[in-house]
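Just below is one structure, and these are the notes that go with it.
Number of protein chains: 2
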Amino acid sequence: MKALIERIRCEGRNLGQGILKVDGFINHQLDPALTVEMGREFARRFAQAGVTGITRVITAEVSGIAPALTTGLALGVPVLYARKTRPITMANGVYRAEAPSHTKGGMVELMVSPEYLHPHDRVIIIDDFLASGKTIAALADLVQQCGATLCGIGCVIEKSFEEGRARLAYLNVPIVSLAVIESMEGDQIQVREWEGAVSR
Amino acid sequence: MKALIERIRCEGRNLGQGILKVDGFINHQLDPALTVEMGREFARRFAQAGVTGITRVITAEVSGIAPALTTGLALGVPVLYARKTRPITMANGVYRAEAPSHTKGGMVELMVSPEYLHPHDRVIIIDDFLASGKTIAALADLVQQCGATLCGIGCVIEKSFEEGRARLAYLNVPIVSLAVIESMEGDQIQVREWEGAVSR
Chain A
21 MKALIERIRC EGRNLGQGIL KVDGFINHQL DPALTVEMGR EFARRFAQAG VTGITRVITA
81 EVSGIAPALT TGLALGVPVL YARKTRPITM ANGVYRAEAP SHTKGGMVEL MVSPEYLHPH
141 DRVIIIDDFL ASGKTIAALA DLVQQCGATL CGIGCVIEKS FEEGRARLAY LNVPIVSLAV
201 IESMEGDQIQ VREWEGAVSR
Chain B
21 MKALIERIRC EGRNLGQGIL KVDGFINHQL DPALTVEMGR EFARRFAQAG VTGITRVITA
81 EVSGIAPALT TGLALGVPVL YARKTRPITM ANGVYRAEAP SHTKGGMVEL MVSPEYLHPH
141 DRVIIIDDFL ASGKTIAALA DLVQQCGATL CGIGCVIEKS FEEGRARLAY LNVPIVSLAV
201 IESMEGDQIQ VREWEGAVSR
């Protein structure tokens, strides 16, 4: 997705240890028009990949919410965001899976209410980053726990050098990314289109 | 906003102690089309209230992100979400303010990077709920700390019986809400339009 790649080239900063700072349009500040375009691009690429009949988008709070919302908008389906802390409105008997915490270190629990994820659902996972793949694996676990069908995975930025794509191969679904970071060395951030489907 | 009020009437549940369960379209699952309509309605009502020249929308993670994103989309401006845990990409020297935690009890710190909030900014605050008003007061504090101008406050659902509106009167800006819960007793949830501006 050219507009996204341009934005990463302009604003992305390598903070070292594999950390890419893109908080001007992903993790802290959002560009609403760019985020809507991300959703449209996910919908387009999933269609190209033959992923159809989606009934629900699932993501994890916090940074997945914006691109998941716009993907749900493009597909015309509800969006579910797994919670990391249980709100007082969430009943017991939720599905739970463990994912790494990007802010606190260690692990954090992802929780989804069975009210909003059903065995007949055909689900795609959307998240901001695909790095180690562990958060997405936890979301896939939640989808599986409720007996729904996982149909695809979409991430805004894939850090290919962390090899999450290979780790998620066992899920046997298309994995779409809108920009691929191949390497980050000093000021040099190598970013390219994902080649798995026709790009705009 | 009629579609929202209908949704609250159909799906809202009184969990007691002033807690309204609306996690089918606000706090856990999102209806993307309804959320886009919320953003348009905020933009329309702020315009009616004479609030113009907005340069930025600010909210707090987690549940404020979706309606803030669609409001930023309607206004064509960036959206900033205050973080509750400091991501590794967030530098030191951030603005901080304390707000009540709705999931953990006690207080939580809201953090905003000075990179994305500037003295020349004209800001509106968007959040999912206006209850005690303390989270919105904390966001207003962040806006003030950076020297920006607070121009308006918008909340999706106002629980008028918690009197947050009166507590925020000192800010002297229009407060727009899309639905007002006047009371909740047993199964009876009294919800109405906010009368401060022309509604659709």
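Protein chains in written order, with this note's numbering: chain A, 21 to 220; chain B, 21 to 220.
Every residue gets a Cβ at the ideal spot worked out from N, C-alpha and C, and that includes glycine.
In chain order, what residues of the same chain have a beta carbon less than 6 Å from the beta carbon of residue i, not counting five sequence neighbours either side?
i	result
residue 145/A	78, 156, 159 and 173
residue 185/B	195
residue 30/B	none
residue 82/A	none
residue 39/A	none
residue 89/B	99
Quick one: what does DSSP say residue i is sitting in, helix, strand or coil?
i	result
residue 158/A	helix
residue 215/A	coil
residue 107/A	coil
residue 168/B	coil
residue 227/B	Nothing in the structure corresponds to residue 227/B, since chain B is present only between 21 and 220.
residue 149/A	strand
residue 120/B	strand
residue 46/B	coil
residue 37/A	coil
residue 71/B	coil
residue 163/B	helix
residue 204/B	strand
residue 56/A	helix
residue 191/B	helix
residue 32/A	coil
residue 174/A	strand
residue 197/A	strand
Does any residue of chain B have a CB that is nearer than 8 Å to the CB of residue i?
i	result
residue 103/A	yes
residue 180/A	no
residue 43/A	yes
residue 115/A	no
residue 35/A	yes
residue 99/A	yes
residue 203/A	no
residue 197/A	no
Can you find the residues in the same chain that come closer than 7 Å, C-beta to C-beta, to residue i, ignoring five residues on each side of it along the sequence?
i	result
residue 212/B	200 and 202
residue 87/A	55, 58, 59, 146, 148 and 176
residue 92/A	77, 98 and 99
residue 188/A	153, 156, 157, 173 and 195
residue 167/A	139
residue 193/A	170, 171, 172 and 173
List the residues of chain C that residue i touches, going by C-beta distances under 8 Å, in chain order.
i	result
residue 122/A	This model lacks chain C altogether; the protein chains it does include are A and B.
With a CB to CB cut of under 8 Å and the five nearest residues on each side skipped, what residues in its chain are close to residue i?
i	result
residue 220/B	Here the model assigns residue 220/B a pLDDT of 36, short of 50, so the residue's position is not dependable, and the following value carries that caveat. Counting only Cβ-Cβ distances below 8 Å, and skipping sequence neighbours, we find 21, 22, 61 and 64.
residue 106/B	114 and 131
residue 142/A	73, 74, 75, 76, 168, 169 and 171
residue 110/A	103, 131 and 133
residue 247/A	Given a span of 21 to 220 for chain A in the structure shown, any question on residue 247/A remains unanswerable.
Would you say residue i reaches chain A, if we count a Cβ-Cβ gap shorter than 8 Å as a contact?
i	result
residue 188/B	no
residue 92/B	yes
residue 39/B	yes
Is residue i close to the ligand FAD? I mean its beta-carbon at under 7 Å from any heavy atom of the ligand.
i	result
residue 31/B	The ligand FAD is not among the ligands present in this structure, which contains no ligands whatsoever.
Item to check | Cβ-based contacts, 9 Å cut-off: residues of the segment 143-161 of chain B near chain A | outcome: none
Checklist entry - Pairing CB atoms from the segment 91-102 of chain B with CB atoms from the segment 130-144 of chain B, are three or more of them under 8 Å? => result yes
Checklist entry - According to a CB-to-CB cut-off of less than 9 Å, which residues of the segment 21-32 of chain A neighbour chain B? => result none
Checklist entry - the segment 78-90 of chain B: which residues have C-beta closer than 7 Å to a C-beta of chain A, in chain order? => result 81, 82, 85, 86 and 89
Next on the checklist: When you compare the segment 181-196 of chain A with the segment 112-131 of chain A, are there three or more beta-carbon pairs, one atom per stretch, that lie closer than 8 Å?
Outcome noted: no
Checklist entry - Which residues, in order along the segment 48-74 of chain A, keep a beta-carbon less than 9 Å from a beta-carbon of chain B? => result 48, 49, 50, 51, 52, 53, 55, 56 and 59
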